[in-house]
Each structure stands twice: as structure tokens, then as C-alpha cells.
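Protein chains in written order, with the numbering used here: chain A, -1 to 172; chain B, -1 to 172.
Note that the Cβ used here is the ideal one computed from N, Cα and C, for glycine as well.
This one's a predicted model, so the numbers in the text were calculated from it and none came from an experiment.
Number of protein chains: 2
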Amino acid sequence: MSGLVVWFTGLSGAGKSTLATALEARLKASGQQVELLDGDAVREHLSKGLGFSREDRDSNIRRIGFVANLLAKHGVTVLVSAISPYRDTRSEVLAQASRKLEVFVDAPLETVKERDVKGLYAKALRGEIPHFTGVSDPYEPPLSPDVHLRTDLLSIEECVERLLETLDEREVAA
Amino acid sequence: MSGLVVWFTGLSGAGKSTLATALEARLKASGQQVELLDGDAVREHLSKGLGFSREDRDSNIRRIGFVANLLAKHGVTVLVSAISPYRDTRSEVLAQASRKLEVFVDAPLETVKERDVKGLYAKALRGEIPHFTGVSDPYEPPLSPDVHLRTDLLSIEECVERLLETLDEREVAA
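See the structure below:
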């Protein structure tokens, strides 16, 4: 059976990588073949030289999708953590996976600006980073995600439990 | 156990894709998880916009290597068919795979020019394709490939048998 693609989308700082990493650990502990494709890391390997225009972002997302689907085809559960701000591009890429979950990692802009773990929002607000999602570039939230997690209201552990329950319901039990 | 990366290198028209496809069929028939990454197809998905300068070729080969190693990590036998003309770049990419075979698909330039299945050599010789390996761009043959196949002397079937024997010797039996 082909593997599942679990696609985490959301603003920078919303908690995508944190949740994907926590889920990865739980799935690995249960013996599954799991691969986490982190948008930033994959960009370094597959999309050096691309910027943050819509066209370049879309190319990067399509490349991540291509790799995710290749792995899933061989039974690997693939967790993708990528801002992936454009609704149509996410839909296009996820349409190629035979089994997938779109996870909206959602925190209000005010919350992620306050967290600002990497100091990027402060820079973006000072105009030092052009094309910064949520500040100077759009983010199009999913209209009907498979899982919608408000990370300002739920703990990491609660979010992971919600994800595991959903995987379980869809018979891809952890 | 991690999967094997079988890397087919050689001139355009030497028979890389033909052999990789034939080997893929044999390995699939024996129940293995196999993925064939064809240089031209992968270039379309991962390296649109890149050209054929040394830098761009190297980027493309590194991307193919990144994907091949990801798949191999999950137990997939990965067959890569790519001209991959630069020795150092092939070595660099193959060094990242824990189990690998470098296969030199070798036919004299005169032979591949005569075959010219895609009509590319004729064009390149007329100067219509810049950076064409073997005509206007270098090809650095492996110095000690794991398998060296002279496709002007051996049949496809003989080459595939040689490959299967080598896989077998290395206990990755088909």
C-alpha cells in the first residue's frame, strides 16, 4: 500500500516543524518508515537559487511534492513541513498523492509575531525581508483542511494526539 | 537495511536508460521495491531552468543524488540513469549512499554517433546544441567502476546478466 503524505501548512512560527518532528518520533517509535521533509532543508538541496516570488515558491513546493510522492509510492509515511502559502499549488501537489492529509497549523499573526523564534518577523516588519509570508506576501489558508490545529490554543501534545487520532481513523494507525 | 543505489553513467546513446529499464523489470519481477530515476525526467521535475554548464549539471546531479539517497534510506533499490559527466561530482554523490554500484555504460563515441537514436549528435556536430557531452563538453569516464559494460560488444541481455551477477555477489540478489 502506498504511504501517506501529511502536509503541514501555515505561517512561519505557527509550529509546523515542531509538530511534524513530534509526530515523526511517535510514528517511528511504532515502527513505521517515516521521512520528514522540511521546507527550509529541502530548499537547500533542491531549490538553491530560487527566491520567494510566487513562481519560485511554487517550483519549490512542486519539487517537494515530487519527492514526497516518490517516497510515498514505496510505502513511506512522508511528513512535509512547508509554509506553502498558495492554495492552488498545495491542491495541485496533494492531488498527486493517493493518500494524504492536509494539516493547517494555525496561529494568529499576532501570536507568531510575538513568538518570533527566529527574529524573522521583526526583520520583515522593518522591511528587511521582502516577500515575507503574512507580512509582505500572502498566505492563503486551506478552506477544508483534514486537520485544523490552533497552536495558540492547544499544546503540542494535544495537537499530536489529534493527528494520531486522525491517522487512526483513516486506518493508517500509529 | 538501506537500499542500493545503482548509478548508470555514460554518453548519451550509450544505453544507460535501456539497461536501467531492463534491470528495473527484472528486479520488480523478483519482488523488490525499485525506482528508476531518469536524468532527463528528473531534470524536468527538479531542475527546470538549469542549463548545461558545469555548475548547472552538478546541481542537477546533486539533486538526483539527494533523492536517490532518500529513497535508498527506506530500502528502495534506486537505479539512476544520467550522463553525469564529471568524475568528482559522481564520487561526491555516491559517497553519500551506504550501498552503491557505479556502472559505466560504455560505447565508443563513433558508435553512439552512428546510433544517434534521438538525432542529437547530428545536431551537436552541426553546432546546434552547445555543451553537448562528447562533442562540445567533456565526459570523464569512471576510473574504477563497479561494473564496466561495453554496449557495442555485449547484448542488452548480456549486460543485464552481468548486472544481476554483480548484485548477487554483493548479496543484493534479484
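Residue i: first and last residue of the uninterrupted beta strand (DSSP E) it sits in
i, result
"E100 (chain B)", "K98 to D104"
"R148 (chain A)", "V145 to R148"
Beta carbon of residue i nearer than 8 Å to that of residue j
i, j, result
"V76 (chain B)", "E33 (chain B)", "yes"
"G37 (chain A)", "V103 (chain A)", "no"
"Y174 (chain B)", "E163 (chain B)", "This structure does not reach residue 174 (chain B), given that chain B is present from -1 up to 172, and the question cannot be answered."
"G63 (chain B)", "Q94 (chain B)", "yes"
"L92 (chain B)", "K98 (chain B)", "yes"
"P140 (chain B)", "T7 (chain B)", "yes"
"A70 (chain A)", "S0 (chain A)", "yes"
"V110 (chain B)", "L123 (chain B)", "no"
"T131 (chain A)", "L35 (chain A)", "no"
"R61 (chain B)", "L44 (chain B)", "yes"
"I154 (chain B)", "L25 (chain B)", "no"
"D114 (chain B)", "A105 (chain B)", "no"
"E90 (chain B)", "P143 (chain B)", "no"
"S57 (chain A)", "H129 (chain A)", "no"
For residue i: DSSP bridge partner residues
i, result
"S79 (chain A)", "A:F6 and A:D36"
"T131 (chain B)", "B:D135"
Contact with chain A by residue i, beta-carbon distance below 8 Å
i, result
"E90 (chain B)", "no"
"V78 (chain B)", "no"
"S57 (chain B)", "yes"
"K46 (chain B)", "yes"
"F64 (chain B)", "yes"
"R61 (chain B)", "yes"
"L25 (chain B)", "no"
"L123 (chain B)", "no"
"L21 (chain B)", "no"
"L68 (chain B)", "yes"
"D36 (chain B)", "no"
"H43 (chain B)", "yes"
"V74 (chain B)", "yes"
Span of the alpha helix (DSSP H) around residue i
i, result
"F177 (chain A)", "Not covered by the structure: residue 177 (chain A). The range shown for chain A is -1 to 172."
"D86 (chain B)", "R85 to A93"
"V110 (chain B)", "L107 to R113"
"R24 (chain B)", "K14 to A27"
"E155 (chain B)", "I154 to E167"
"K121 (chain B)", "L118 to L123"
Minimum Cβ-Cβ distance from residue i to chain B less than 8 Å
i, result
"Q31 (chain A)", "yes"
"L2 (chain A)", "no"
"V103 (chain A)", "no"
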